[in-house]
Structures are given as C-alpha cells and as structure tokens.
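Worksheet for the structure shown next.
Protein chains: 2
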Amino acid sequence: MVTMHDVARAAGVSQAAVSYAFNRPDRLSNARREHILKIATEIGYAGPDPAGRSLRTGQAGALGLMITDSLRDAFDDPATALLLRGISEVGELAEVALTLLPFPLESQKIAQGSGVLLRGAVDGFLAYALPEGHPGIERVLSRGLPVVLVDGAPDTGLPRVGIPDRQAAHELAAQVLAHGHRRVGVLVDRLVPDGRAGVASAARIIEARDRVMSERLIGYAAAFDDHGDRDWSTVTVVEAGGVDHEVSRRAAETLLDAAAVTAVIAGTDVLALATIEVAQGRGLAVPDDLSVVGFDDIPAAEAAGLTTVRQPLVDKGRQAARLLLEIIDGGPAREILLPVEYVRRTSLASPPAR
Amino acid sequence: MVTMHDVARAAGVSQAAVSYAFNRPDRLSNARREHILKIATEIGYAGPDPAGRSLRTGQAGALGLMITDSLRDAFDDPATALLLRGISEVGELAEVALTLLPFPLESQKIAQGSGVLLRGAVDGFLAYALPEGHPGIERVLSRGLPVVLVDGAPDTGLPRVGIPDRQAAHELAAQVLAHGHRRVGVLVDRLVPDGRAGVASAARIIEARDRVMSERLIGYAAAFDDHGDRDWSTVTVVEAGGVDHEVSRRAAETLLDAAAVTAVIAGTDVLALATIEVAQGRGLAVPDDLSVVGFDDIPAAEAAGLTTVRQPLVDKGRQAARLLLEIIDGGPAREILLPVEYVRRTSLASPPAR
DNA sequence: CTGAAAGCGCTTACAG
DNA sequence: CTGAAAGCGCTTACAG
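Going line by line, the protein sequences match chains S and W. Counting along the first sequence from 1, when you hit position 314 you're at 314 in this note's numbering, and nothing is skipped either side. Counting along the second sequence from 1, when you hit position 60 you're at 60 in this note's numbering, and nothing is skipped either side.
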C-alpha cells in the first residue's frame, strides 16, 4: 500500500505537506501543492487512507442506520424507502456516507458485544422504528455515540423525530365512526417483533413494543371512547407479523374471515391497500361494501383512492439526518414533531344499508 | 473516551489481554476473560473502537455501494430495491455493513479526489449500473480496492454480475414482432446521465453510456433485423431522463404523442407500467389497442398482467455481494451471468385490425 | 509557508 | 496461558 510517507519521500517534502496538499490547500503554495498531487498520482496514491484519518480525527464520516430487525424489510416498504430518500439527500449534501447496519435478530449476539453495531465506524446512529427495549439501542448508547430516534418511543429523553401518531390516529378513527360504522376491524403490522401473526388478544395489545403502532392503537381506541355507543372491546385487531405485501394480504384475509366488518382501519397504507385487494378478490366493493382507511399516504395510496393520514415521509428523513448531524457537531438534543394531515379520498363511506 | 488501555489498568492486566477478551476468547482463561469484561462494563467501555481496529487490521468491515448519481433514485426504483435486498441479506450473514456512498453529480469533485468515494472506509465496492466512463469507477479503482460491477459494461475485465441483456431483449422484441406489430415505439430510462428527456436521435442512441439500456436497444434492433420487412429506423425511441414514476409517465406521453404505435417495448417494467397507465388514461385498452412489454419482472408487473422478461433481481444482489466478499478474501475475479426468462402475460397481443 | 514529532486505539508476532 | 512492544496511516499543534 502506498502511504503518505511514500509520497512525501518521492516528492521530497514532509509528510505533513502531503496531508496539507489533500486537506488544506490554503496552507501550501499552489506550485508545491500541485507538485505533490502530481507525484501522488504518479506513484499511485489515491489520497489519505480513511482508516488512518478516522483514527486520528475521531470522525468516521458516516451515519449509521439501525433499521428494525432486518434490512430486507426496509427495502420492501414504501414508507421506509421515502424516509431513506430524505436521509440520503442530507447525507449527500453533507458528504457523509450512510451505513446500513445489519441487525442480527438473535439479541444474544448483540448483547455479547459482537456484531456490526459495535464495530461499524460511524459518528452517530439513526434508529428507525426500533421496538421498545431493543438491546441494540442500549449497546449503541454504550458506545457513547449520539442516537436520533425516528418513529420511536416519545418518552425516552433521546432526541427524536416523529409525528403525533396518537392524535392523527384518533382523528382518522373519528372520521370512520362519524360515517356510522359500528363493526370495525383494525390491522397492524406488528406489535411485538416476534413474527407472530393473527388476531391479537388484549394482552398482546398491551404488551406492544412497537411504539408507533401502539400509539396509533391508543388513538383509535380513544375515538371509540369519545362515542358513548361504540365499544372498542368489540373491535377485532389483527397483526400481520411483518411489513411485506404477502403478510399484509394474509392479515386482511384473517380479519375479513374473523369478523363481519363494514370498515377496516389499517395501521399503514400497505395494509390498507392489501385489504382493498383482498376485499375486491372476495367481490366486496370499496367503499360500498367495505370502507378502508390507511396511514402514511405512500405514493400508491392516491391511485387507489385511499383515505388516509399523510405524513411527510421524505421530510422526516431529512430532519432526522440533519438533527443527527447537528448533535454530532455538538448541538442540543431536541425533539422534532412533524405535521400530519387527514387526506380524504374515496375509500371511506357510510356502511351499506344492510 | 475509555480505551483498551484504561480497561487494562483497571483490570490489572495487559492491553493485549483486553483485546483477547473481546476478540479471542480462546486465548484467555474463562475467569480472566469474564473479569475483564466485567470491569469493561463497569468503567463504560463498549468494546474495541472501530477506527483503531480498522487501521490495525486493514479491514473496514463494510461494503461500499456506488449507485448511479444519486441515492434518491435508488430508493425509488423497485428493481433496485430488490437488488439491495439481496445484497443486504448477504451482508447480514457475513456481518459486514453496507455503506451507501453519496455520489456528487459534479464530476469535478470526484476528480479532485475529495468526496466520500475516497474517504469511505470500505473493503470493496459494488458499482451498480454506473454509466460508462463514469469518473467514480476510476477513482475507486485507484484506491486499489476490489470492485464488482452490477449491470455494468460486459467488457471491462472487471468482475461483474449481470444478465444476458442483449439476448433477452432480442427474444422479447422478437415476440412483439411475431405478433405482427409494425408500428413500434421504444422507451428507455436514460442513455446518457445528463437528465435529457424526449425523443432520442440516432446519435444520442449511439452515444449511450448506460450499458444495460444500450445492450437492450441492440437486442431490440437485432430482432427487427431478423425480419426482412421490419425497419428499426422507423422506431421512435423516447428517453425518460430518469427512473421515477413521474418522468416515466412523461416519457410514455411523449411517445404516444409522437407516433401512432401499436406496441411499446419498454426498457424497464417501471416504464411499461407507466405506459399502461397513460394509455388507459387516453382511453386505449391494453392489449386490444396497444401492446406493452417491459423488462425486469418487478413485483407490480404481475398484477398488471405485464408481459416481460424476468431477471432474478434479489439473487443478483446476493451473487454480487458474495462475489465481492470472495474477491476481498483473495478469490479470483470472475463474471457471473444470471438466467432470465420470458414471462408471457396478457399485455402483448396482436395489433388491432385497423 | 514549511517540517519534525507525537499520538489517535487497536491487534498481533514474539518471547516467556 | 500471559505481557511488552511495535506499528497500522494519518493530522495537527508547535516551533521555526
């Protein structure tokens, strides 16, 4: 490997001069600088080795991304894709790399202290939708690196970017109830990251560790409480156990099999769109036979006429990356709450006159 | 910052012992190891600092991903998402991180030697669909790190994972012609990464620097040549200038405005699906009024009944990541060609009897 | 504007 | 099974 030292010798200058040639053009005369750069190219030196620089400066030049359990899911989910877009936009501007950290599911590995989480050379972490009590957060915190939560628990004291999930869900469910629906089903992607799927018991709902889903559920339930004559306890909640299209469809099937509902409140647009598909496959017209509402307003929601809650997904990514960069630079930890908006389209109507 | 040295002092052992406690459990007695680990936790040492380890071992523990110009696009494109899934699957297994390298569009920056491309701490690069002559490749190569091309030029001598684009395109176009189409239009995402959109001149097609698109064009043209009575020169080729849904739709509009075609051969499924949308918006039935074929077989293709070419997108990612890992480990550079398959659905039929 | 020197945190070959 | 020592490639405070 050609090092700075080699270039310095070949160019007849000190090692410091070579470093300056690459990093501090102002500290060298132009001629000197160009001479050094020319020699460097000649002997095949591509520039300072990141490992050396990183050790010396204490900066990695990269942001770590902790995404739920598996990266696989991340690339499957439209909402996540938009978030990543916002994050990478900022990363690009700031010229920092984005490091996706594979997250071994076996928490034993994480706890042991092995794993990329601890070895990844990053300056800080963005933790996306990590379930509560996930050992990853703790380990990362123990490295002493800044962490910004995205869609995480609102009460940890950690800097965080999110939306008012509970209120938005409340408002949305209120709309559904205002249309007169009495037999309502709810779909969530997952409550506890154990892959379990199917009708969720009350206990399961209480032990939910995915804070975003649980906040939304609280919002839905609150809307029922507002009405004296609607009973949240009659609502069937089905958990998909994942975020992909396949499990979403299956969850919709389970719900439609389990209860004769006139409206489905889906915790995400992906679930809502899968529900519309499944309903239509069963010959149910949306919204005439079945109303469906979602959450997120992913791009595909519009074409499907889905009534939903819009959250600024790309902007959430941007804000999160900026906040992390700020904190790395010594800025204060703070919480950013982004605005949401009820989007009325055509998938919500009054229940069919039976 | 708490270092290994601090732990060693606190535990009353040598620095080497601390290193062993974390990296080579077999070189220490169990009691000793546990004592060290306990002390480490007590004084807040989370494990070896990646920067130090990286400098010492010469390994970064991360794979770099070079994706066209902007990461933004990557998260927009279903085919890329599947590729990333395959890559991350392997990364997860091998416990290496995936570093997305923001790619400044201004090639000046790259040429200057600044930029994350040179600073990113990675052990090798996966270069995805990089246009020919892109300065990034050269710079990265100059770092002396292994590079695996994914969907790149087939004749650079660099290790590469791809598919037989030309033959597959040839076969697909042959199917279109066999159905009797004479007025055919072609859609490509981009030929030259300058964002230009619209009808592509012959010169523009020749100067194409996106090798995948140009290979597919060659295949299409070859199919025309096979037929004595079809003239490739009458084919209108429209370039979208990007990969997202919006520009894809616009390209379809441009094509349908420019020529009265009975069939559209789209260079990607995203373009094909956009074409179907636009056609239906104009009151054209697919395939009765207009046949459309795509390329890739992304998940959405099936529901749309799109006739296309299936390529194993996830597997392409897996193979590429594995190959890069192999080469980093000293394995030989080689080329992997993945199989493709013509997928007949309903979007291709005979042209309407006029 | 330039150079000599220290040291960032770690791993490993070596000697015991 | 254990420890002392070297050195990975770099940047920067300091002295000139």
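Cβ atoms here follow ideal geometry from the backbone N, Cα and C, with glycine treated the same way.
Cross-strand partners of residue i (DSSP beta bridge)
i      : result
W:Y362 : Not covered by the structure: residue 362 of chain W. The range shown for chain W is 1 to 354.
W:R160 : W:L149 and W:E335
W:S291 : W:A263
S:T99  : S:G64 and W:T99
W:D296 : W:R310
W:T236 : W:G185
W:V199 : W:V238
Contacts of residue i in chain S (Cβ-Cβ under 7 Å)
i     : result
W:T50 : Inspection of the sequence shows that residue 50 of chain W is occupied by Pro rather than by Thr. By Cβ distance, chain S contributes R119, G120 and A121.
W:L55 : A51, G52 and L55
Alpha-carbon to alpha-carbon, residue j and residue i
i      : j      : result
S:V278 : W:A97  : 38 Å
W:G58  : S:A51  : 8 Å
S:G219 : S:D210 : 14 Å
S:T262 : W:D296 : 38 Å
W:V228 : W:A222 : A small fix is needed here, since residue 228 of chain W is Gly in this sequence, not Val. Straight-line Cα distance between these residues: approximately 11 Å.
S:A300 : W:P287 : 23 Å
S:R363 : S:S14  : The first residue shown for chain S is 1 and the last is 354, placing residue 363 of chain S beyond what the model contains.
S:A303 : W:V199 : 28 Å
S:V292 : S:T308 : 9 Å
W:E239 : W:D231 : 20 Å
S:H5   : S:I36  : 12 Å
W:G12  : S:R139 : 25 Å
S:E171 : S:R182 : 16 Å
S:G180 : S:I67  : 39 Å
W:I87  : W:Q311 : 15 Å
W:Q362 : W:P352 : This structure does not reach residue 362 of chain W, given that chain W is present from 1 up to 354, and the question cannot be answered.
S:L306 : W:D155 : 48 Å
W:A10  : W:G47  : 15 Å
S:I163 : S:P131 : 16 Å
W:S107 : S:V192 : Low local confidence applies: a pLDDT of 47 at W:S107 is under 50, so the model's placement there is unreliable, and no value is given.
W:G152 : S:G195 : 38 Å
S:G242 : S:A94  : 33 Å
S:A174 : S:V148 : 32 Å
C-beta neighbour in chain S for residue i, strict 9 Å
i      : result
W:P339 : no
W:P351 : no
W:G228 : no
W:H5   : no
W:G305 : no
W:H35  : no
W:G64  : yes
W:A17  : no
W:G373 : Nothing can be reported for residue 373 of chain W, as the shown portion of chain W is limited to 1 through 354.
C-beta neighbour in chain W for residue i, strict 9 Å
i      : result
S:G44  : yes
S:A143 : The question names Ala, yet the displayed sequence has Arg at residue 143 of chain S. By this cut-off, S:R143 is an interface position.
S:R282 : no
S:P154 : no
S:G58  : yes
S:L367 : Only positions 1 to 354 of chain S appear in this structure, which leaves residue 367 of chain S out of reach.
S:P299 : yes
S:G294 : no
S:G242 : no
S:A11  : no
Partner residues on chain S for residue i, Cβ-Cβ distance less than 9 Å
i      : result
W:G61  : V116, R119, G120 and A121
W:A274 : None at all; the shortest Cβ gap to chain S is about 12 Å.
W:A203 : Near W:A203 there are no residues of chain S at all, since even the closest Cβ is about 32 Å away, more than 9 Å.
W:A173 : Result: empty, since nearest Cβ-Cβ is about 29 Å, beyond 9 Å.
Range of the contiguous beta strand (DSSP E) that encloses residue i
i      : result
W:F125 : G124 to Y128
Terminal residues of the alpha helix (DSSP H) in which residue i lies
i      : result
S:V278 : D269 to G281
S:G185 : No alpha helix (DSSP H) contains S:G185, which is instead part of the beta strand (DSSP E) from V184 to V188.
S:I43  : Taken as a continuous stretch (DSSP letters only), S:I43 belongs to no alpha helix (DSSP H), as it is neither H nor E.
W:V286 : No alpha helix (DSSP H) contains W:V286, which DSSP labels as neither H nor E.
S:D6   : M4 to A11
S:H245 : H245 to A258
S:R24  : Run containing S:R24: none; DSSP gives neither H nor E here.
W:Q59  : Segment: none, W:Q59 is in no alpha helix (DSSP H) and carries neither H nor E.
Residues that residue i contacts on chain W, provided the C-beta gap is smaller than 8 Å
i      : result
S:A263 : Here the premise fails: no neighbours, minimum Cβ distance about 24 Å.
S:A81  : F75, D76 and A81
Chain-ordered neighbours of residue i on chain S, where CB pairs are closer than 8 Å
i      : result
W:R139 : A46
Residue i Cβ short of 8 Å to the ligand GTP heavy atom set
i      : result
S:G331 : Absent from the structure shown: the ligand GTP. Ligands present: none.
Amino acids of chain W, ordered along the chain, whose beta-carbon sits closer than 7 Å to that of residue i
i      : result
S:A321 : Ordered by position in chain W, no residue passes the 7 Å Cβ test against S:A321, which lies about 11 Å from the chain.
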